[in-house]
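Right, one structure below, let's go through it.
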Amino acid sequence: MFNDMKKILFTFIFVLISSYLYSHNFSFFWDFGSCYFEGIIENNNTNMKADIECLDFRIEMNNGFGFAFSPLNYLCIINKPLEENNHITTFGNVSLFYDFFKFQEDVELSPFASFHFLSYEGIEKTRFDFGMMLKFYFPKIWPEEMMRAEEEYHLRGELLSSRIGVRVLNNNTEVFFDVGVNLMVLVMLACNQRE
Numbered sequence: 014m015f016n017d018m019k020k021i022l023f024t025f026i027f028v029l030i031s032s033y034l035y036s037h038n039f040s041f042f043w044d045f046g047s048c049y050f051e052g053i054i055e056n057n058n059t060n061m062k063a064d065i066e067c068l069d070f071r072i073e074m075n076n077g078f079g080f081a082f083s084p085l086n087y088l089c090i091i092n093k094p095l096e097e098n099n100h101i102t103t104f105g106n107v108s109l110f111y112d113f114f115k116f117q118e119d120v121e122l123s124p125f126a127s128f129h130f131l132s133y134e135g136i137e138k139t140r141f142d143f144g145m146m147l148k149f150y151f152p153k154i155w156p157e158e159m160m161r162a163e164e165e166y167h168l169r170g171e172l173l174s175s176r177i178g179v180r181v182l183n184n185n186t187e188v189f190f191d192v193g194v195n196l197m198v199l200v201m202l203a204c205n206q207r208e
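Position one of the sequence shown corresponds to residue 14 (my numbering), numbered consecutively onward.
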């Protein structure tokens, strides 16, 4: 099963590279990452998980294809004691997506596939997610400094996002649904609470 998923991922990478060579038009963006809270259905059990991705570097092409890389991802079960088999920290995290629906610059709907490897808990631990993602940007509600950062430093992150899909984690398959918040939003909310 894992070999089939590798074939799908490599096919997706091939299509992405081919479309890049065909289009030659792309944009580079980055953001601080996102924190997702999700429900998992696995073996008739429901678990709550946190999926935290720190730093996100993206190349988006004019034809809708995109590639993202994150140097750090942490996934853990919230409603269980912290044990070795309840979390995974990965340092190689790549995602491929295709924005087939866009509403101005505010909303994007994309099928995606992501592969997480180079695990701290053991090199053999890997994670593969695929499904649909809905992203909400709403650039007008960011502070003025963030708007300038987008123009000058290519900082652009979704405010909220939601994903539904299938995850293969260490050869176990689970269905997940999550809602994510940009890490910068969480930092700004925490700073406002202290004032």
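Even for Gly, the Cβ is constructed at its ideal location relative to N, Cα and C. Just so we're clear, the structure is a prediction, and the values are computed from it rather than from any experiment.
Residue i, enclosing beta strand (DSSP E) - first and last residue
i: leucine 109; result: 100-111
i: glutamate 140; result: Strictly speaking, residue 140 in this sequence is arginine, with glutamate absent from that position. 140-149 is the span of the beta strand (DSSP E), which, as asked, contains arginine 140.
i: lysine 93; result: Run containing lysine 93: none; DSSP gives neither H nor E here.
i: leucine 182; result: 173-182
i: asparagine 38; result: Element bounds for asparagine 38: n/a, residue is neither H nor E.
i: glutamate 121; result: 120-132
i: asparagine 76; result: Where asparagine 76 is concerned, there is no enclosing beta strand (DSSP E), given that its DSSP letter is neither H nor E.
Contact belief for residue i with residue j at Cβ below 8 Å, rounded distance in angstroms
i: cysteine 89; j: lysine 62; result: 6 Å
i: methionine 145; j: arginine 180; result: That pair is no contact at about 13 Å.
Residue i vs residue j beta-carbon contact at 8 Å
i: aspartate 191; j: phenylalanine 50; result: yes
i: glutamate 171; j: phenylalanine 141; result: no
i: phenylalanine 104; j: alanine 126; result: no
i: phenylalanine 41; j: methionine 74; result: no
i: phenylalanine 128; j: glycine 77; result: no
Reference residue i, options the options, closest by Cα
i: glutamate 118; options: Ser108, Thr103 and Leu147; result: Leu147
i: proline 84; options: Val107, Asn92, Lys93 and Met74; result: Val107
i: cysteine 48; options: Val194, Met201 and Val200; result: Val194
i: leucine 182; options: His100, Ser132 and Thr139; result: Thr139
i: tyrosine 133; options: Phe110, Asp112 and Ile101; result: Ile101
i: isoleucine 91; options: Asp64, Arg169, Phe80 and Asn184; result: Asp64
i: arginine 71; options: Asn99, Arg169, Phe130 and Leu196; result: Arg169
i: aspartate 69; options: Asn99, Lys93 and Leu109; result: Leu109
Residue i to residue j span [Cα, whole Å]
i: threonine 59; j: isoleucine 53; result: 5 Å
i: valine 188; j: methionine 201; result: 32 Å
i: asparagine 86; j: leucine 131; result: 10 Å
i: methionine 197; j: valine 120; result: 19 Å
i: tryptophan 43; j: leucine 199; result: 17 Å
i: lysine 93; j: glutamate 137; result: 23 Å
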